[in-house]
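Position one of the sequence shown corresponds to residue 4 (the numbering used here), numbered consecutively onward.
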Amino acid sequence: SSQFGSSVLGPSRRHLSSAPPGLPARTRRHRSCGEVLAIMAPQRACRMPPRTRAAALPLLALAALLGAGVRIPLQGLGEAAGLGQAFAMHATRPKNAYMHFAGAKRAEYAEGGAGVTEVAKELGAAWRALGATQREPYEKMAEEDRQRFAKELEEGLVPKERRSKAKKQGKPQREGPKRPISAYVAFVKEMHGKTAKKGQAPTEVMRALGAKWQELAAPKKKKYEKAAAVDRARYEKELAAVEA
């Protein structure tokens, strides 16, 4: 509020605006800088988590008070105090519908100790198997996220630079045995050829396989669960040999 901005973070806007006309232009600009800091500080603090806000408020107050006579970058003050993340002027990029789906379902698919790559494959297959109606909640979340991102850009935040492909490719690949398959993947491997029709899109095939797996009775799933258990034993044996 305006009271918060004037009593805690320095002089009021009216006071800062009333610079004597005889002052040099640069000094008047510095007063304007302090005025902006006094106005922005409470707004920025309100967007911070409670614990971060408690640590950042004294620094924001100092920035607003000193800003009336000295031009001090707010982000630089934050970095100097180890609060760079709180003062970061980056807009968080929006997630697409699939990313929202994966975030909601990842824990469910990771049960049983499945590897990251395997979980990603299963999530992709499950997403492709969803119909348009089932995707609607995630599409709505993605649209809301895009609107939030656009609003942050309007407020002056900038997107954080993505890591270059060169940096990603420069990361050494982990050596080790092939990850074990899950029961669902064993089912897909066996049924893919029987389910796919000539000219049918891969997404349609995976959607059909996902529906069949959901409808499959528990006794019939045991065959694939056994295959997954055998492959997991193979993986553990190979992993032990590598680590020995």
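Cβ coordinates follow ideal geometry from the N, Cα and C atoms, glycine included.
Identify, in the order they occur along the chain, each residue of the same chain with its Cβ nearer than 7 Å to the Cβ of A199, setting aside the five sequence neighbours on each side.
In the sequence shown, residue 199 corresponds to position 196, counting from 1. Within the same chain, A199 has close Cβ partners V208.
Hey, is the segment 128-147 in contact with the segment 209-216, meaning 3+ C-beta pairs nearer than 8 Å?
yes
In the structure shown, what three-state DSSP assignment does P140 receive?
Residue numbering aside, residue 140 sits at position 137 when the sequence shown is read from its first letter. P140 falls in the helix class under three-state DSSP.
Helix, strand or coil for P97 per DSSP?
For the purposes of this step, residue 97 is taken as residue 94 along the sequence shown, with counting starting at 1. Coil.
As assigned by DSSP and simplified to three states, the class of A222:
Start at 1 with the first residue of the sequence shown, and residue 222 comes out as number 219. In the sequence on display, residue 222 carries Pro and not Ala. It is helical.
Based on the DSSP secondary-structure assignment, which residues constitute the bridge partners of P162?
Translated into positions along the sequence shown, residue 162 becomes position 159. The partner list for P162 (beta bridge, DSSP) reads A94.
Taking 8 Å as the threshold (C-beta atoms), are M144 and H195 in contact?
For this step, residue 195 is matched to residue 192 along the sequence shown. For this step, residue 144 is matched to residue 141 along the sequence shown. Not in contact: H195 and M144 (Cβ atoms no closer than 8 Å).
A94: buried (16+ other C-beta within 10 angstroms of its C-beta) or exposed?
As a working note, residue 94 is residue 91 in the sequence shown. With 16 or more other Cβ atoms within 10 Å, it is buried.
Just to confirm my understanding: we take A186, look at its own chain, exclude 5 residues before and 5 after, and list those with CB closer than 8 Å. What are they?
Working through the sequence shown from its first residue, we reach residue 186 at position 183. Here the set comprises K224, Y227, E228, A230 and A231.
When you compare only the Cα positions, how much space is there between E218 and R210?
Numbered from its first residue, the sequence shown carries residue 218 at position 215. Numbered from its first residue, the sequence shown carries residue 210 at position 207. Spanning the two alpha carbons is a distance of roughly 13 Å.
Cβ pair E246, R182 closer than 8 Å
Here residue 246 refers to the residue found at position 243 of the sequence shown. Here residue 182 refers to the residue found at position 179 of the sequence shown. The answer is no: Cβ separation not under 8 Å.
Reference E239, options Q203, E193, E125 and G179, closest by Cα
The residue you call residue 239 lines up with position 236 of the sequence shown. Comparing Cα positions, the closest option is G179.
On the CB-based measure, 16 or more other CB atoms within 10 Å of its CB, does E164 come out buried or exposed?
By one-based count along the sequence shown, residue 164 stands at place 161. The residue in question, E164, is exposed, as its Cβ has fewer than 16 Cβ neighbours within 10 Å.
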